[in-house]
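Here is the structure we will look at, set down as structure tokens.
In full-length UniProt numbering, the protein residues as written are 1 to 556.
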């Protein structure tokens with residue numbers, strides 16, 4: 001049989017040699033003998049000669065020495081040298097779930113180094129990197145798995161044009177949100193449901209049907225469905241048959257099914273590299289283009305548009321009273337002419353993932369439609385999303401990011417510390433995790449970080465650790481004289497109480513000036529009469545009418 005990748009041999013009449021670098025999914029386990037692992041299945045399907053470098057427990061970070069003392073990470077010199085010695089026509093890397101707990105930053109660094117080191121051994125060999133594999137249902141849909149996949153994808157995107165990335169977990173470019181029957185989903189939304197990942201191609205509501213039954217959804221994670229395994233069948237998907245009783249490794253049929261899926265990803269990835277692999281002149285031209293892109297990326301980013309009109313607290317006060325924030329509210333704000341959204345985000349009571357889960361609210365309590373106030377701190381995300389809220393289901397940060405258009409500007413406040421002069425050690429640690437997650441998931445160019453006058457620690461922390469984020473500090477009239485705005489890029493005055501002299505003082509700093517706390521049309525009109533010649537470049541308003549009191553003058 002002629003291989004579908006025969007072009008890799010550049011005219012030689014032999015099976016293409018493909019080196020597979022992987023973990024136990026390629027090395028074998030108690031349920032899968034070495035000759036039936038996913039790499040061997042894929043090689044047979046593709047009609048290529050398999051050159052395995054497979055060691056259980058390994059990954060880009062994980063050395064796997066608990067499995068065998070001689071094991072080493074994917075990018076160790078001994079493994080790369082052994083791969084190069086096989087003179088492969090193509091290198092395929094698969095995984096790894098063994099890096100799951102290492103953290104995105106560590107994984108990103110390790111994959112970058114792997115790509116650079118592999119290229120020194122094989123300068124003209126195409127490389128397909130297939131991301132961390134789907135396995136047990138809870139792992140596949142976890143935030144840690146998404147972070148792992150995204151770190152690998154990012155590193156490969158930064159490598160030379162001889163690398164291609166293939167995502168078979170469905171989470172390499174966006175983190176999933178749990179599917180909900182009362183959810184409202186825009187095209188491209190990625191959700192998790194019963195151990196699998198799905199993406200929607202059109203607007204849909206959860207009430208239309210589950211991702212497995214509604215035509216709006218397509219499964220983007222490979223093969224596996226359900227939450228059980230052979231040792232504990234759940235009756236809700238094929239993992240009962242395809243995942244072994246350890247809940248992690250495939251059974252024999254599972255290895256066959258995943259191997260066939262792997263073959264398709266290898267074929268697709270390799271075909272994207274066909275010109276690079278076959279024609280030296282293409283490699284040279286792409287290298288020149290990459291160098292030009294690198295020079296261009298060193299140029300400063302253009303400033304954001306001059307005037308921002310942001311809906312306060314995710315349009316929670318759209319109708320004048322506090323009704324909560326939902327995805328529908330966020331879309332209504334943009335439909336009503338706001339060019340951005342202010343979001344105060346609060347950490348839920350969930351202990352996993354370690355980076356935290358966050359929901360929007362004007363305060364640490366959510367105001368229920370039953371008149372009661374519910375604390376965010378001691379409640380899980382699931383419990384919060386089940387609360388009776390007038391605006392509808394409260395979304396998590398990942399869901400918000402996925403739902404908003406790419407040009408929507410964000411004014412982000414970390415609620416617990418946004419007014420705190422010196423948070424305690426625990427609060428500082430949690431805030432550090434929040435901003436790390438935010439800049440990993442959102443283009444910093446879209447974000448302005450908001451604090452109030454007392455929060456000097458947060459502003460100093462952001463300037464030191466995330467200098468790419470713009471910062472706005474909000475102040476009252478009584479805070480102007482002692483205001484420390486050293487680390488802020490923008491100063492915002494309280495529409496309700498700044499005097500004419502106060503606005504003039506802010507303007508005299510030479511920094512852009514915003515106005516916040518525009519709660520009503522009356523407050524906005526009054527502020528407009530006091531700020532005189534001060535040029536206002538941003539507005540944070542509660543309602544459409546309140547914003548309209550100012551925007552006509554600003555745009556005029």
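Even for Gly, the Cβ is constructed at its ideal location relative to N, Cα and C. This one's a predicted model, so the numbers in the text were calculated from it and none came from an experiment.
Exercise. Can you tell me which of the three DSSP states residue 61 falls into?
Key: coil
Practice problem: Count the C-beta pairs between the segment 163-178 and the segment 200-212 that are closer than 8 Å, then say yes if the count reaches three, no if not. | Solution: no
Quiz prompt | Proximity winner among 134, 22 and 68, relative to residue 128 (alpha-carbon distances) | solution = 22
Self-check item: Own chain residues within Cβ distance below 6 Å of residue 350, not counting five before or after
Solution: 357, 380 and 381
Self-check item: Where the beta strand (DSSP E) containing residue 7 begins and where it ends
Solution: It is not in any beta strand (DSSP E) - residue 7 carries neither H nor E in the DSSP assignment.
Quiz item: Three-state secondary structure (DSSP) at residue 203?
Solution: coil
Self-check item: Per DSSP, cross-strand counterpart(s) of residue 346
Solution: 359
Quiz item: Whole alpha helix (DSSP H) runs in the segment 379-428 with 4 or more residues, listed along the chain?
Solution: 381-385 and 397-403
Quiz prompt | Spatial distance of residue 398 from residue 328 (CA atoms) | solution = 15 Å
Quiz prompt | Distance, residue 442 Cα to residue 301 Cα | solution = Because the pLDDT at residue 301 is just 43, under 50, the model does not fix this residue reliably, and the point stays unresolved.
Exercise. May I ask you to report which of helix, strand or coil DSSP gives residue 240?
Key: helix
Practice problem: Taking 8 Å as the threshold, find out whether the segment 510-518 comes into contact with the segment 480-490 through three or more Cβ pairs. | Solution: yes
Quiz prompt | Contact the segment 307-320 vs the segment 331-340: 3+ CB pairs below 8 Å | solution = yes
Quiz prompt | Cβ-Cβ separation, residue 104 to residue 157 (assumed contact under 8 Å), whole Å | solution = No, residue 157 and residue 104 are not in contact; Cβ-Cβ is about 14 Å, not under 8 Å.
Quiz prompt | Which residues DSSP lists as bridging residue 17, in chain order | solution = 49
Quiz prompt | Identity of the residue in 355, 258, 177 and 427 nearest residue 394 by Cα | solution = 177
Exercise. Let me know if residue 499 comes out buried or exposed under the rule of 16 or more other beta-carbons within 10 Å of its beta-carbon.
Key: exposed
Quiz item: Since residue 104 is in the alpha helix (DSSP H), which residue starts that stretch and which ends it?
Solution: Per DSSP, residue 104 belongs to the alpha helix (DSSP H) from 104-121.
Self-check item: Alpha-carbon to alpha-carbon, residue 434 and residue 378
Solution: 17 Å
Practice problem: Go ahead and label residue 16 buried or exposed: buried means 16 or more other beta carbons lie within 10 angstroms of its beta carbon, across all protein chains shown. | Solution: buried
Self-check item: Status (buried if at least 16 other CB within 10 Å, exposed otherwise) for residue 279
Solution: exposed
Quiz item: Counting along the chain, where does the beta strand (DSSP E) carrying residue 367 start and finish?
Solution: 365-367
Quiz item: Does DSSP put residue 173 in a helix, in a strand, or in coil?
Solution: coil
Quiz item: Between the C-alpha atoms of residue 506 and residue 331, what's the straight-line distance to the nearest angstrom?
Solution: Rounded to whole angstroms, residue 506 to residue 331 spans 33 Å at the Cα level.
Quiz item: What span of residues does the beta strand (DSSP E) with residue 442 cover, start to end?
Solution: No beta strand (DSSP E) contains residue 442, which DSSP labels as neither H nor E.
Quiz item: DSSP three-state call for residue 543: helix, strand or coil?
Solution: Coil.
Exercise. Work out the CA separation of residue 253 and residue 154 for me, nearest whole Å.
Key: 32 Å
Practice problem: Grab the span of the alpha helix (DSSP H) containing residue 156 for me, first residue to last. | Solution: 143-158
Practice problem: Taking all protein chains shown into account, decide if residue 90 is buried (16 or more other Cβ within 10 angstroms of its Cβ) or exposed. | Solution: buried
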